[in-house]
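Engineer: First the structure, then my questions, so here it is.
Protein chains: 2
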Amino acid sequence: MDFEKKEHPEFPTVNKAHVEQVIVPELSQWCLTNGVALASSENVYTAVAAPTTVFPTPVPRAAYQSAKQLQKPFNKLYAQIANSKWLLKETKSLAKADPEFTGRLFKLYEDRTAKSKQTLKYGIFRSDYLIDHKTASVKQVEFNTVSVSFGGLSSKVGELHSYLNVMGKYDVAGKSFYEPGELHVSESIVFLVKALAAALTLYKVDTEDTAAKREQDDKVVLFVVEPKELNLYDQKLLEYNLLKLYGINSLRATLDEVKTEFTYGRDNRLVHKKTGKEAGVVYYRTGYDVRDYAKEDHWDARGFLEESFAVKAPDLSVQLAGTKKIQQLLTEDKVISKFVDDAKTKKELMDSFVKIYPLDNSEQGKLGKKLALEKPENYVLKPQREGGGHNVYKKDIPAFLKGIKEDEWDAYILMELIDAKPTTKNFIVRDGKLSTEPIISELGIYGSIIFDGDNIHMNDYSGSLLRSKLVSSNEGGVVAGFGCIDSMYLMD
Amino acid sequence: MDFEKKEHPEFPTVNKAHVEQVIVPELSQWCLTNGVALASSENVYTAVAAPTTVFPTPVPRAAYQSAKQLQKPFNKLYAQIANSKWLLKETKSLAKADPEFTGRLFKLYEDRTAKSKQTLKYGIFRSDYLIDHKTASVKQVEFNTVSVSFGGLSSKVGELHSYLNVMGKYDVAGKSFYEPGELHVSESIVFLVKALAAALTLYKVDTEDTAAKREQDDKVVLFVVEPKELNLYDQKLLEYNLLKLYGINSLRATLDEVKTEFTYGRDNRLVHKKTGKEAGVVYYRTGYDVRDYAKEDHWDARGFLEESFAVKAPDLSVQLAGTKKIQQLLTEDKVISKFVDDAKTKKELMDSFVKIYPLDNSEQGKLGKKLALEKPENYVLKPQREGGGHNVYKKDIPAFLKGIKEDEWDAYILMELIDAKPTTKNFIVRDGKLSTEPIISELGIYGSIIFDGDNIHMNDYSGSLLRSKLVSSNEGGVVAGFGCIDSMYLMD
Ligand SMILES: Nc1ncnc2c1ncn2[C@@H]1O[C@H](COP(=O)(O)OP(=O)(O)OP(=O)(O)O)[C@@H](O)[C@H]1O
Ligand SMILES: Nc1ncnc2c1ncn2[C@@H]1O[C@H](COP(=O)(O)OP(=O)(O)OP(=O)(O)O)[C@@H](O)[C@H]1O
Ligand SMILES: [Mg+2]
Ligand SMILES: [Mg+2]
Ligand SMILES: [Mg+2]
Ligand SMILES: [Mg+2]
C-alpha cells in the first residue's frame, strides 16, 4: 500500500485530560504485560511499570542516521584501543590519579587478564549523544564499554508507542496519528542477543571439534548481575530472547555467588558446579562502579572470571578503553590518528566530539584548569566513573576542585556542555503520575564487536535508545527517578 | 531430530528448597514480564503475578483428546438450543422459580433481543470437566456460554512451564525434564481472537458492499467489562493479539459507560460517540451475574446492546442456553435427542454427563429431593448462577434447602459429585508463596461458534485451560484466592 505523506504536528494534540484518562491507563497496562517494568523495591513479586514518555519524541532522521553510521567505526576504534599498548600506558598513569577504581581495575588487568587462554574479545557498547541545538548534529556525551543497559526496554517502549498510535489513543477521533515508518522501534532486544549468540558460537568453534557436537552441547551465557537489581526486567527480556531466538540458556550470578557457584574446568573453563554447564560468555551487568566491589571478594570474583576461558563482555582491557580519560584523549587529532587511518572516517568521528580538556600540566590541561575555574557554567567535570551521579556541573565545579588536592585533578576531565533543545510537549509517566516539565533526550546507539587481535569476527550496529530526562535534572537516571525510556518519532 | 522416549516420573524430583530458591523467582519474573498478571487491588499501576502451579499437572492425553473431540458437537448443540422454542419454554418456567436473575434476563430477551436486525449469533463457550478417578474419563462440570475467562492466561502459563522446563529449572542438573510434545500450550490466546476476528468479518460482509471497503474500515470489537476487574490482563492479552494478528482495534466499556459512550447509528449500529467507530462485535466479560446489574441502568445498558446491530458474544438466547437447568435437562435422553440426531455423537456427549436431578415434582425431581436430604455427601446443589461462590456442597445441602421455601427448590439442580483424584506433588505459587496442599484440576475446553439460524459459519475448538484448586476448597476461584492457572503435561 502507498501512503500519502501526511503533514502533522510534532506531537499529538490531545489534551492533558485525554492523556490522563485514556492514555496513561492503557500505557501502564501495556507496560505491565510486556515487560516494561522495574522490580519493586518493596516486594519482589510485584512489578511497577518502568517510567516512559507518553509520546515518542521527535528526532531528526538525519541525526539518528548519522549516529548509526558512526557506530561501526567507533566499535572498531575501541577494539583497537583495547588491543593497544597505548591504552596500558595511559591507564597506568590514570591509575595513579585514581587508585581507588581505575587503579584496582588496572592491577587486576595486569595480574589476571593475560593469564586467560581466551583470545576472543567482545564489546557490547553504547555511544550516547545529545543533539546540538544549533547544528542539529549529534554530539557524543560518552562511550560506554561495560554494562550498557536498556537494550531490552528500549525496543519495548518503541512497541508501546506504536501500539498506542495504532490503537488510536493519540487522537481524540481514535485514528493513527503517526504514519507507518515514522515511529522507530529499536532493534536492540534482538541485535544484542544476536551478538551474544554469535560470541557463544565463536567460543564453541574455538573449543569443540565438530559442528554436530556444537549443536548438542549446552554451553550458556552467564549474566553477572547486582544483588538487588531494580532494572531486572531489561535483563530478563534479553535472557528470554536468547532462549527463544537461539535456544541458548543463561545463568545468573552476583559477584558474591560467582566463586561458590562456578569452578574451573580444563583450560580454566567456567563450569557451573551444580549443573556442570559451561559458561562460554560472561556478560557483565555489574562491575562498572567502585560500589560494585564493596568487598575484597568481589575483586577476587572478577579476577576469577577474567582468568577463565570464557569470552568476557567486556574483559578488563575493553572496559578500561571506556574511561572518560580515553574519551578526552581521543578528541586530540594525534591520538585518534593512531587508530583511524581513513581521513573521512576520522573526520566523521571527530565531528561528533565536543571539546574535552584534561586537567593536568600540559598546555591543554592548563587551559582546562583556567576554564574550569573561570567559565564553569559551560562545562561538566567528570571523574573516571560510570553509572551516573558522579559528575560535577557548572558553577559547582570551582568549589569542588578547590576541595581536593590539585594532583588529584588529573583524574577528571572537563567537558563542554552540549546545548540540546528541550522538548516541551511530551509527558513523563512514572507510577501512573504525569510530569509536564520540559525534557532533554539523549540518543544511545548500541554496538557489538567480537575480535581476536586484528581479526574482527563481527562488527554491528545493535539498535538504539532514547532516554529523556527532566531539564531541571543534570542527569537522567531512569531507575534513580529523573529519567525515563522514550522512543523516536523520526522526522524528515 | 528423533527423540528417544524417555521415561520419567510424573513430577520433577527437585526438592522444596530448589522450588523456593530457583523456580519461584524465575517463575514470578516470567509472569510479570509476560502478562501472567492480575491487577493489584491497591494500586492500578502495579501488577502482581497471577497464581499458577510450579509444574504442569499430568493429564492423560486420551482424556484431553476426548474432551477436545466433544467441543464441536457441544458448540452445535448449544447453538441449536439458543435457536429453539424449547429454550424459551423452559426458560419461561425457570424465570418464575428465579425471578431475580433468570427472570430479568428472560424479560430482557423478550423485550429486546428480537428487535435487533442482527441475525448472526456468536457463542464463545467453555466446557469444564473433571477427570473421574475410576474411569479416567472426562465428566462435565458445567457448560459456560457467557464471559468465559482465562483464555489469555492459559496459553501464557503453558509457555511459562515450557520456559522453566527448557531453561532446566525443573532439574537439579539443569536439563529439560519433559520431552518436547509432552507439555501442552493452550491455543486459546490465538484461537479466541481468531473467532472474534471471524465474527467481525462476517458482520462486515453482512453490512458492507465491497471487499475493498471492508479492508479499510475501522470497525472494532467492544469489550464490555467490569469496573474494577482484577483479571484485567487476561483480557488485555486478547486485545493485544486482536491488534497484532488481525489489525483489529478494540474498545472497552463498563455497563455504566455503554450508554454515555455509544449511540445508535443507522439500523441500530453501535457507534462510539467520541470517535465515530462502529462496534461490530460486543464481547461480554461481565453481565453473567446478578451482581453485575447493581443498578437498573445496567439492565438498560444490556438491553441497549442487545437491540443493537452488533453481533453479541453472547446474545441473551445464547447466554440463557447456558443455565444449570438446561444442563440438567440435557442429561435426559429425550431432551438431548431433540437436538442431536447422530446416535454416536449423542452417546459421546452423554458419556460425559454425571447424574443431575431437578428438584421439582416430577419423578426425577422427587428422587432428587430425597437424595438431597438423605445422601447429600455425594452431591452439589447449584442455583442458576455463574461466576463461583453460589453452590452448596454436601452436608450443607439439607439445611440450606430447609431454609428456603420448597417452591423455590425448582431453581436449583442437584448434581452428583465427580470423584477426581487429587494431585499431591505440585505446588501453587501465589504472591511468591508456596502452597503444598493437594490440588484438584479442572480441564476447560474453549469453543467458538458463529451461526445464523441453521447456517453455521464457524464451529471450532478454541484451546484449553487447566485450573487447579486446593482440595480443601470446594471451589477454585483464581482471583478469589483458592485456585490457580495450571497447564497440562500430557501423559500417554
Ligand atoms: N557534555 C555534556 N553536555 C550536556 N550534558 C551532559 C554532558 N555530559 C554529560 N551530560 C549529562 O550528564 C549525564 C551523565 O553523564 P555521563 O553519561 O557522562 O555519566 P556516566 O556516569 O557515565 O553515566 P551512565 O554511564 O550511567 O550513562 C548524561 O546522561 C547527560 O544528561
Ligand atoms: N459435579 C461436581 N463434582 C465435583 N466438583 C464440582 C461439581 N460441580 C462443581 N464442582 C466444583 O465447584 C466449582 C464451581 O462449580 P460451577 O463451575 O458449576 O459453578 P459456577 O458458579 O458456574 O462457576 P464458574 O462459572 O465461575 O466456573 C467447580 O469449578 C468445581 O470445582
Ligand atoms: Mg551516560
Ligand atoms: Mg557512562
Ligand atoms: Mg465453573
Ligand atoms: Mg459457570
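From first to last, the protein sequence lines stand for chains A and B.
Position one of the first sequence corresponds to residue 1 (the UniProt record's numbering), numbered consecutively onward.
Position one of the second sequence corresponds to residue 1 (the UniProt record's numbering), numbered consecutively onward.
Note that the Cβ used here is the ideal one computed from N, Cα and C, for glycine as well.
From E20 (chain B) to V224 (chain B), what distance separates their C-alpha atoms?
Structural biologist: Locating residue 20 (chain B) in the second sequence gives position 20, where the first residue counts as 1. Locating residue 224 (chain B) in the second sequence gives position 224, where the first residue counts as 1. Distance between the alpha carbons of E20 (chain B) and V224 (chain B): 39 Å.
Engineer: Cα separation between M491 (chain A) and S441 (chain B)?
Structural biologist: Along the first sequence, one-based indexing puts residue 491 (chain A) at 491. Along the second sequence, one-based indexing puts residue 441 (chain B) at 441. M491 (chain A) and S441 (chain B): Cα-Cα distance of roughly 54 Å.
Engineer: Go ahead and label D234 (chain B) buried or exposed: buried means 16 or more other beta carbons lie within 10 angstroms of its beta carbon, across all protein chains shown.
Structural biologist: Mapped onto the second sequence, residue 234 (chain B) falls at position 234. D234 (chain B) is buried by the Cβ-count criterion.
Engineer: For chain B, find out if any of its Cβ atoms is closer than 7 Å to the Cβ of N165 (chain A); answer yes or no.
Structural biologist: Along the first sequence, one-based indexing puts residue 165 (chain A) at 165. Chain B contact via Cβ: absent.
Engineer: Measuring CB atoms only, is the segment 352 to 363 of chain B touching the segment 398 to 411 of chain B, in the sense that at least three cross pairs come out at less than 8 Å?
Structural biologist: Result yes; three or more Cβ-Cβ pairs closer than 8 Å.
Engineer: Bridge partners of G168 (chain B), per DSSP?
Structural biologist: To locate residue 168 (chain B), count along the second sequence from 1; it is residue 168. Partner(s): none; G168 (chain B) has no beta bridge.
Engineer: State the Cα-Cα distance for the pair Y433 (chain A) and W86 (chain A), rounded to the nearest angstrom.
Structural biologist: Mapped onto the first sequence, residue 433 (chain A) falls at position 433. Mapped onto the first sequence, residue 86 (chain A) falls at position 86. Sequence inspection shows Lys at residue 433 (chain A); the Tyr mentioned does not correspond to that position. Distance between the alpha carbons of K433 (chain A) and W86 (chain A): 50 Å.
Engineer: Would you please verify whether the beta carbon of G432 (chain B) is less than 7 Å from any beta carbon of chain A?
Structural biologist: Against the second sequence, residue 432 (chain B) aligns to sequence position 432. Yes, because at least one Cβ of chain A sits closer than 7 Å to the Cβ of G432 (chain B).
Engineer: Mind pulling the chain B residues with CB within less than 8 Å of G276 (chain A)?
Structural biologist: For the purposes of this step, residue 276 (chain A) is identified with residue 276 of the first sequence, where counting begins at 1. In chain order: A173 and G174.
Engineer: Hey, could you find the ends of the alpha helix (DSSP H) G303 (chain A) is sitting in?
Structural biologist: If you number the first sequence from 1, residue 303 (chain A) lands on position 303. It spans E296 to E306 - the alpha helix (DSSP H) in which G303 (chain A) sits, taken as one unbroken run.
Engineer: In chain A, which residues lie with their C-beta within 7 Å of the C-beta of K236 (chain B)?
Structural biologist: Position 236 of the second sequence, counted from the first residue, corresponds to residue 236 (chain B). The CB of K236 (chain B) comes closer than 7 Å to the CB of Q29 and T33 in chain A, given here in chain order.
Engineer: Taking 7 Å as the threshold (C-beta atoms), are S352 (chain B) and V138 (chain B) in contact?
Structural biologist: Locating residue 138 (chain B) in the second sequence gives position 138, where the first residue counts as 1. Locating residue 352 (chain B) in the second sequence gives position 352, where the first residue counts as 1. Yes, the Cβ-Cβ distance between V138 (chain B) and S352 (chain B) is below 7 Å.
Engineer: Using C-beta distances below 8 Å, list every residue in its chain close to A197 (chain A), excluding the 5 sequence neighbours before and after it, in chain order.
Structural biologist: For the purposes of this step, residue 197 (chain A) is identified with residue 197 of the first sequence, where counting begins at 1. Here the set comprises L242, L245, Y246 and I248.
Engineer: Relative to the C-alpha of Q328 (chain A), which candidate in A:G365, A:E348, A:H298 and A:A310 has its C-alpha closest?
Structural biologist: Position 328 of the first sequence, counting from 1, holds the residue named residue 328 (chain A). Comparing Cα positions, the closest option is A:G365.
Engineer: Buried or exposed for D111 (chain B), going by 16 or more other Cβ atoms inside 10 Å?
Structural biologist: Taking the second sequence and counting its residues from 1, one reaches residue 111 (chain B) at position 111. Under this definition D111 (chain B) is an exposed residue.
Engineer: Looking at chain B, is there any beta carbon in it that lies within less than 7 Å of the beta carbon of V36 (chain A)?
Structural biologist: Working through the first sequence from its first residue, we reach residue 36 (chain A) at position 36. So no, V36 (chain A) is outside the interface.
Engineer: Please list, in chain order, all residues of the same chain as F427 (chain A) whose beta carbon is under 7 Å from its beta carbon, the five residues on each side excluded.
Structural biologist: Residue mapping note: residue 427 (chain A) aligns to position 427 of the first sequence, counting from 1. Closer than 7 Å at the Cβ level, and outside the excluded window around F427 (chain A), lie V19, T53, V54, L434, S435 and T436.
Engineer: Can you name the residues of chain A whose CB is closer than 7 Å to the CB of A49 (chain B)?
Structural biologist: Position 49 of the second sequence, counting from 1, holds the residue named residue 49 (chain B). Per Cβ cutoff of 7 Å: Y45.
Engineer: Can you check whether the C-beta of N249 (chain B) is within less than 7 Å of a C-beta belonging to chain A?
Structural biologist: By one-based count along the second sequence, residue 249 (chain B) stands at place 249. It does; some Cβ of chain A falls within 7 Å.
Engineer: Output the distance between the C-alpha atoms of R104 (chain A) and A82 (chain A), rounded to the nearest integer angstrom.
Structural biologist: As a first step, residue 104 (chain A) is located in the first sequence; it is residue number 104 there, counting from the start. As a first step, residue 82 (chain A) is located in the first sequence; it is residue number 82 there, counting from the start. Roughly 17 Å separates the two Cα atoms.
Engineer: Tell me the rounded alpha-carbon separation between N165 (chain B) and E374 (chain B).
Structural biologist: Locating residue 165 (chain B) in the second sequence gives position 165, counting from the first residue. Locating residue 374 (chain B) in the second sequence gives position 374, counting from the first residue. Their backbone Cα atoms lie some 49 Å apart in a straight line.
Engineer: Show which residues of chain B have a CB atom less than 7 Å away from the CB atom of S40 (chain A).
Structural biologist: As a working mapping, residue 40 (chain A) is identified with position 40 in the first sequence. Those are T46, listed as they occur along chain B.
Engineer: Apart from the five residues just before and just after G403 (chain A), which ones in its own chain have a Cβ nearer than 6 Å to its Cβ?
Structural biologist: Within the first sequence, residue 403 (chain A) is the residue found at index 403, counting from 1. For G403 (chain A), where only same-chain residues beyond five positions count, there are no Cβ hits under 6 Å.
Engineer: Taking the alpha helix (DSSP H) that S28 (chain A) belongs to, which residues open and close that run?
Structural biologist: Walking along the first sequence from the start, residue 28 (chain A) turns up at place 28. First-last of the alpha helix (DSSP H) with S28 (chain A): V24 to N34.
Engineer: Identify the continuous beta strand (DSSP E) that holds V19 (chain A) and give its terminal residues.
Structural biologist: As a first step, residue 19 (chain A) is located in the first sequence; it is residue number 19 there, counting from the start. From DSSP, V19 (chain A) is part of no beta strand (DSSP E); its letter is neither H nor E.
Engineer: Should L88 (chain B) go down as buried or exposed, given a rule of 16 or more other Cβ atoms within 10 Å for buried?
Structural biologist: What you label residue 88 (chain B) is simply residue 88 of the second sequence in a count that begins at 1. Exposed, since its Cβ has fewer than 16 Cβ neighbours within 10 Å.
Engineer: With a threshold of 16 other CB atoms inside 10 Å of the CB of G181 (chain B), please say whether the residue is buried or exposed.
Structural biologist: As a position in the second sequence, residue 181 (chain B) is number 181, starting the count at 1. Classification of G181 (chain B): exposed, given that the 10 Å Cβ count is below 16.
Engineer: Kindly indicate which three-state DSSP category K121 (chain B) falls into: helix, strand or coil?
Structural biologist: Looking up residue 121 (chain B) in the second sequence gives position 121. Strand at K121 (chain B).
Engineer: Once you ignore the five residues that flank D98 (chain B) on each side, which residues in its own chain have a CB closer than 8 Å to its CB?
Structural biologist: Counting from 1 along the second sequence, the entry for residue 98 (chain B) is found at position 98. Excluding residues within five positions, the ones whose Cβ falls inside 8 Å are P383, Q384 and A411.
Engineer: For a test of the three-state rule: what should DSSP assign to L465 (chain B), helix, strand or coil?
Structural biologist: Position 465 of the second sequence, counting from 1, holds the residue named residue 465 (chain B). DSSP, reduced to helix, strand and coil, places L465 (chain B) within a strand of the structure shown.
Engineer: Going by CA-CA distance only, name the one from B:V190, B:E10 and B:V146 that's closest to A321 (chain B).
Structural biologist: Working through the second sequence from its first residue, we reach residue 321 (chain B) at position 321. The shortest Cα separation from A321 (chain B) among B:V190, B:E10 and B:V146 belongs to B:V146.
Engineer: With DSSP as the reference, identify every bridge partner of V221 (chain A), one or two as the case may be.
Structural biologist: In the first sequence, residue 221 (chain A) corresponds to position 221, counting from 1. A:S250 and A:V281.
Engineer: Should the segment 67 to 82 of chain A be regarded as contacting the segment 119 to 134 of chain A, the criterion being three or more beta carbon pairs within less than 8 Å?
Structural biologist: yes
Engineer: Any idea what DSSP makes of S93 (chain B), helix, strand or coil?
Structural biologist: Against the second sequence, residue 93 (chain B) aligns to sequence position 93. Helix, per DSSP.
Engineer: Could you pull the start and end residues of the beta strand (DSSP E) that S441 (chain B) belongs to?
Structural biologist: Within the second sequence, residue 441 (chain B) is the residue found at index 441, counting from 1. Element bounds for S441 (chain B): I439 to D452.
Engineer: Hey, would you say S127 (chain B) sits closer than 7 Å to S462 (chain B), going by beta carbons?
Structural biologist: Reading the second sequence from its first residue, position 127 is the one you call residue 127 (chain B). Reading the second sequence from its first residue, position 462 is the one you call residue 462 (chain B). Cβ atoms of S127 (chain B) and S462 (chain B): not closer than 7 Å.
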